[in-house]
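Trainee:
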Amino acid sequence: MNTLTEKLTKLLHDKGIEFEERDHPPGETCEAAADARGEDLKIGGKTLLFKDKRGFHLFVLSAAKKVDNNKIRKILKSQKLRFATTVELKELAGVEKGALPPIGRDLLPFDLYLDKSILENEKIAFNAGILTKSFILKLEDYLKLVDPIICEFSKEE
């Protein structure tokens with residue numbers, strides 16, 4: 000278990016939040032992770048770390064949705080925007096691409112923006128700092144834990 004996974008587990012225990020823990024083969028995509036967890040793709044929390052001139056920002060949307068970068072630019076009031084590199088993910092959070100959990104300031108030094116698509120589900124599933132372990136929480140508990148900035152940044156279908 001990596002350090003971030005241990006910190007996340009401790010945070011959930013300390014806050015009294017119940018969660019399911021699932022070990023599974025590494026999933027390279029959200030679809031593969033959902034299959035490995037045996038859960039619907041839409042409950043997956045796709046966690047993206049963006050960088051603009053002011054720093055890094057964490058965005059979370061349903062794994063069944065695609066991100067709209069133009070909406071994120073408007074939310075951040077930034078013209079220049081890019082995804083964090085694999086090196087930055089490792090340096091800032093100690094994780095590989097795809098393993099970043101959707102937890103903001105209680106665990107990572109980033110503001111957390113949550114797409115409204117997550118609110119359509121009763122639970123959320125996400126990789127817990129490593130590609131081979133997922134946590135599943137009731138959405139109600141997750142929202143109490145993260146205190147997100149709720150907005151809309153997924154693409155229209």
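For what it's worth, numbering that gives the first Met the number 0 labels the leading residue of the sequence shown as 0, then goes sequentially. Beta carbons are placed, not taken as given, at the ideal position from N, Cα and C, and that holds for glycine. The model shown is predicted, which means the values in this text are computed figures rather than measured ones.
Is arginine 36 helix, strand or coil by DSSP?
Mentor: Note: arginine 36 maps to helix in three-state DSSP.
Trainee: In chain order, what residues of the same chain lie with their CB nearer than 6 angstroms to the CB of glutamate 121, ignoring the 5 residues before and after it?
Mentor: Contacts found: Leu138.
Trainee: Is the segment 56-63 touching the segment 108-125, taking contact as three or more C-beta pairs under 8 angstroms?
Mentor: Judged by Cβ distances under 8 angstroms, the segment 56-63 makes contact with the segment 108-125, as three or more pairs qualify.
Trainee: What does the Cβ neighbour count give for proline 108, buried or exposed, with the cut at 16 atoms within 10 Å?
Mentor: Proline 108 comes out exposed.
Trainee: Using only the alpha-carbon positions, how far apart do leucine 144 and arginine 36 sit?
Mentor: Using only the alpha carbons, I get a separation of about 22 angstroms.
Trainee: Is asparagine 69 helix, strand or coil by DSSP?
Mentor: Asparagine 69 falls in the helix class under three-state DSSP.
Trainee: Spatial neighbours of leucine 10 within its chain, please: C-beta separation below 7 angstroms, excluding the five flanking residues on both sides.
Mentor: Cβ within range, chain order: Asp105 and Leu106.
Trainee: Is it buried or exposed, proline 24, if we count other Cβ atoms within 10 angstroms and call 16 or more buried?
Mentor: Its Cβ having fewer than 16 others within 10 Å, proline 24 is exposed.
Trainee: Between which two residues does the beta strand (DSSP E) carrying leucine 111 extend?
Mentor: Segment 111-114, the beta strand (DSSP E) holding leucine 111.
Trainee: Closest to lysine 14 by CA distance: which of Glu151, Tyr141, Glu38 and Glu155 is it?
Mentor: Residue Tyr141 is the option with its Cα nearest to lysine 14.
Trainee: Please check the pair asparagine 69 and proline 100, which I expect to be a contact at CB under 8 angstroms, by giving their CB distance rounded to whole angstroms.
Mentor: At roughly 26 angstroms, the Cβ-Cβ gap does not stay under 8 angstroms, so asparagine 69 and proline 100 are not in contact.
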